[in-house]
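There are 4 protein chains.
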Amino acid sequence: MTIPFSSGILDTRLTGLFAMSKAPPPEMTTYDRILNAATEVIAQQGYSGAGVQEIIERAGASKGSFYFHFPSKEKMVEALVQRMSERLLHNVQESVEGQPTPLHRVAASIEALIATFARQRRVAQVLLLNIIGHGRATDKRFLPMRERFSLLIQQELDGAVAAGQIPSQDTTLVAQMWVGAIHEVILRWLLTGQPHTLTSVTPQLQATLLRSLGADPALPPPAAPSRVGNGTGRRKG
Amino acid sequence: MTIPFSSGILDTRLTGLFAMSKAPPPEMTTYDRILNAATEVIAQQGYSGAGVQEIIERAGASKGSFYFHFPSKEKMVEALVQRMSERLLHNVQESVEGQPTPLHRVAASIEALIATFARQRRVAQVLLLNIIGHGRATDKRFLPMRERFSLLIQQELDGAVAAGQIPSQDTTLVAQMWVGAIHEVILRWLLTGQPHTLTSVTPQLQATLLRSLGADPALPPPAAPSRVGNGTGRRKG
Amino acid sequence: MTIPFSSGILDTRLTGLFAMSKAPPPEMTTYDRILNAATEVIAQQGYSGAGVQEIIERAGASKGSFYFHFPSKEKMVEALVQRMSERLLHNVQESVEGQPTPLHRVAASIEALIATFARQRRVAQVLLLNIIGHGRATDKRFLPMRERFSLLIQQELDGAVAAGQIPSQDTTLVAQMWVGAIHEVILRWLLTGQPHTLTSVTPQLQATLLRSLGADPALPPPAAPSRVGNGTGRRKG
Amino acid sequence: MTIPFSSGILDTRLTGLFAMSKAPPPEMTTYDRILNAATEVIAQQGYSGAGVQEIIERAGASKGSFYFHFPSKEKMVEALVQRMSERLLHNVQESVEGQPTPLHRVAASIEALIATFARQRRVAQVLLLNIIGHGRATDKRFLPMRERFSLLIQQELDGAVAAGQIPSQDTTLVAQMWVGAIHEVILRWLLTGQPHTLTSVTPQLQATLLRSLGADPALPPPAAPSRVGNGTGRRKG
DNA sequence: AATGAATGAGTATTCATTCAT
DNA sequence: AATGAATGAATACTCATTCAT
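Protein chains in written order, with this note's numbering: chain C, 32 to 268; chain B, 32 to 268; chain V, 32 to 268; chain Y, 32 to 268.
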């Protein structure tokens, strides 16, 4: 009767993926030092606030070097977001492997996403806060990440429908809603610091989302029963 | 057994709230002409892309006039967002009046929000797309609108818990999630144009959100049955 | 039997047309101060060498002011060249008035052109030396001035043909050649300082050019016989 | 009674002198590949518009290579202009050999110059259009070519004076004027494409220039009568 | 001879803001 | 209340040149 999705391994995998420091290790390539510095600066100042000057200063590079590696600030940010999204989705997809059912997988991916953002605050700031809507209004450039994550969820939901786990419904819409719900929670955490530890909301988040599917979210526990259970997971006694 | 939340009145009330044209009526006060012009420009170009020059040109005002009425561009945008939020929430709250139960009210407010944004595309662009994350990253200035709407929902949810309509749960978190889910759907509509008419998703959106509360969303129809009702709100006969 | 083209009046008319000093008179408009400063800087450094910074410094203006008055450095130079050409041609055309025959007029215009350039060295530098070929190679923007002067000459030559002063010939080509010949002499003067006083070559220049028309250049003296006569003006004893 | 200056040999001699292609033949020395690439780029973009980067790309060379062969971009252009001038004047001087009288020689050199530029459009663009006035205004570096050609003409004119072919006159000035006239015609051709074939104006150009000397330009035909002759060289039967 | 990453002073241009009128 | 010329710090980007390999 509980919803036991877990993936403890994930944590160690992510460590150091976006690591960075004020004194950039010279053994890193200039290209990477610039992207890492950009992550920090954009996280702090936003896209428009992030000056090339400050980025190269943090990266220990020169103007010329910056424009040797990237044709423009804009393209650099594109490359940065691309790299972030790639890694993020890679981690999410990894966490999904080995999960027994579609619903297990979807819950695992939510957990992975939140765990990653919780650990990489700056990545969350860049991806969720400072990129959207930075230029011309109808800027579709950074839609892909949201779309890809939403697609990933949708596919699992479709699987769940096919497997009879949940009733047939507009999975595209639901997946979008989920992405929005999750992002909003992370956004609040970024802006207000509430809750203190982002990961603490994972269980309730999962429970609420699963409930929205209109299915009995009680699932047979996978190999390792999870601590994530909650008491509201059933609709009737 | 259906969930019939409605609010037909809403439509007429909103009309003309943010109206604006290329040749601004001179009988409007300069203050308002500037705010209206700013709405258009920000909707098209985003916050950073919106120059004071272009705004005053559209408003038929002068530089000096702008800075007579507003101490800075930033404060002007704050005033604009403030005015928008105020009107938006006012409409939402109006639509809630007369609804019999907390769940009815919460559903009505969702419908009102979406209906307003659907009608005032530019308002949606400014509020959801082009304001967040425009400057210093941890900018809490524009949180209020999201927070207030989320608070509004939370209060109704608390009422529903108290009334025994839904099980006890973390209504703060759920309200946040709802706001995120709704915003995301609107965002997609803004960026991709899908779905063609935003309001067409209202029923499914409401159904999914209500389901996430973990209660049988079938409600006794309120006084005046709405055209907005939908038939997918229940899981079995 | 001499070639008596003169126009002493001209000199006084031109005085002060492009006047300028390092301490710009504040009673001049910013627009003019910028154009004047640009004349000096371009004369010294050439088009690409002339930085907006240095121009505004000399003009006692600010960056913002510069771009308030001109949309770009390029457009500013266009305006400058336009103004210079306009004034130059105006002077030339003025000097032509009152000359009895087409050939007298053509000779007067040559004298006026040289006199103007001799007095406005910087104008010559800008117009002849530093503008042509400054950007993309096939830049037709500054052709107009040369073309207009050459057209002016051509029309007088056509008049001379019609009046039977010179034989029929390709006046377009000849006018071009004249412009080239005159410019080259001025160019040498600009680059080498030879001859010491540019105007001293006027008589020989006129004589040689008139001879090239294939007509007996001996003309009946106009009202005031000129000092410009030379001893090679006849073809046979 | 005609003016028959000819030099049919010239054509074949010039072929391939400045040949170049987008895929530079690897058997050419890097030094030459760079100069050739520079010719193309400068012809298209002008001196300031020609970046070292683009030049080496076209040359199939590297930055380091460029600066191994040339101390600076400026010196490279000097070398390029030097090489061009050298070859150009060499061809002109060759075409002069065998001509019977100074005036024949001078006419032949004009024909050779025009023929060369007509065939080597890029050379004309570089030498006449895109080099003058590119940097510091009073740049005497590229004067030499004009000066040398003008000197060459002057010497023949002096010879003509000594031989009694033309009256005594300021041959220095006349030579300068000639160079200017010829350059202007070529310049127009470069900028406007008129006349369609540059060489078609040669006869009239020669006739007009010779007439300007104040001598009967009718000359006894040299050994080999040329196809280049024209019938307008005399004023009366 | 050759490579190409790195440099940094220099460039034109933007833009929120001020201020005399 | 309103005007619009003036301000100047800040910005993204260029490019000839250097240098370790």
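Heads up, the beta-carbon is just placed ideally off N, CA and C, and yes, glycines get one too.
8 Å Cβ cut-off: residues of chain Y touching residue i
i: R219 of chain V; result: Q207
i: L204 of chain V; result: V216, V232, Q235, L236, T239
Reference residue i, options the options, closest by Cα
i: V112 of chain C; options: C:L160, C:L188, C:G95; result: C:L160
i: R150 of chain B; options: B:I217, B:L204, B:I184, B:S79; result: B:I217
i: E117 of chain Y; options: Y:S93, Y:R177, Y:A74; result: Y:R177
i: L244 of chain C; options: C:V192, C:W220, C:L221; result: C:V192
i: D189 of chain C; options: C:A68, C:N122, C:L134, C:L221; result: C:L134
i: N122 of chain V; options: V:K94, V:T223, V:T203, V:F180; result: V:F180
i: D63 of chain B; options: B:A92, B:Q76, B:G80, B:I73; result: B:A92
i: E142 of chain B; options: B:T233, B:T239, B:R242, B:L241; result: B:T233
i: L119 of chain V; options: V:A155, V:K106, V:K94, V:T132; result: V:A155
i: R152 of chain Y; options: Y:L221, Y:K106, Y:H227; result: Y:L221
i: E58 of chain Y; options: Y:H214, Y:A90, Y:Y78; result: Y:A90
i: A206 of chain Y; options: Y:E215, Y:L183, Y:G224; result: Y:L183
i: E105 of chain V; options: V:T203, V:S79, V:R114; result: V:S79
i: Q201 of chain C; options: B:P226, B:M208, B:H214; result: Inspection of the sequence shows that residue 201 of chain C is occupied by Asp rather than by Gln. Ranking B:P226, B:M208, B:H214 by Cα distance to D201 of chain C puts B:P226 first.
i: A238 of chain V; options: V:V137, V:G224, V:Q185; result: V:V137
Spatial neighbours of residue i in its chain, beta-carbon cut-off 8 Å, leaving aside the 5 residues before and after
i: S96 of chain V; result: T61, I65, I87
i: H165 of chain Y; result: The predicted position of H165 of chain Y is uncertain, since its pLDDT is 44 and thus under 50; a value taken from the coordinates is nonetheless stated next. Taken in chain order, the residues that qualify are G77, Y78, S79.
i: R114 of chain B; result: L66
i: V83 of chain Y; result: K94, F97, K104
Min CB distance residue i to chain V below 7 Å
i: S79 of chain Y; result: yes
Interface flag, residue i vs chain Y, CB-CB below 7 Å
i: T239 of chain V; result: yes
Contacts that residue i makes with chain B (C-beta to C-beta distance below 9 Å)
i: H214 of chain C; result: G211, H214, E215
6 Å Cβ shell around residue i - same chain, five flanking residues per side excluded
i: A69 of chain C; result: I86, L111
i: P198 of chain V; result: G245
i: L240 of chain Y; result: W209
i: E187 of chain V; result: P133, R136, V137
i: H214 of chain C; result: L159
i: Q101 of chain B; result: Reading off the sequence, residue 101 of chain B comes out as Phe, not Gln. M107, listed in sequence order.
Cutoff 7 Å: residue i Cβ touching any chain C Cβ
i: G82 of chain B; result: no
i: P35 of chain B; result: Annotation note: pLDDT 44 at P35 of chain B (below 50); position unreliable, coordinate value reported separately. P35 of chain B does not count as touching chain C.
Neighbourhood of residue i by C-beta distance below 7 Å, restricted to the same chain and skipping five residues each side
i: T230 of chain Y; result: I145, A146, A149
i: Q196 of chain B; result: T132, P133, L134, A246
Contacts that residue i makes with chain V (C-beta to C-beta distance below 7 Å)
i: R242 of chain Y; result: R242, S243, G245
Problem set entry | Contacting positions in the region 103 to 120 of chain B - beta carbon closer than 8 Å to chain C | none
Problem set entry | Residues of the region 182 to 206 of chain Y whose Cβ lies closer than 7 Å to any Cβ of chain V, in chain order | P198, Q200, D201, L204, V205
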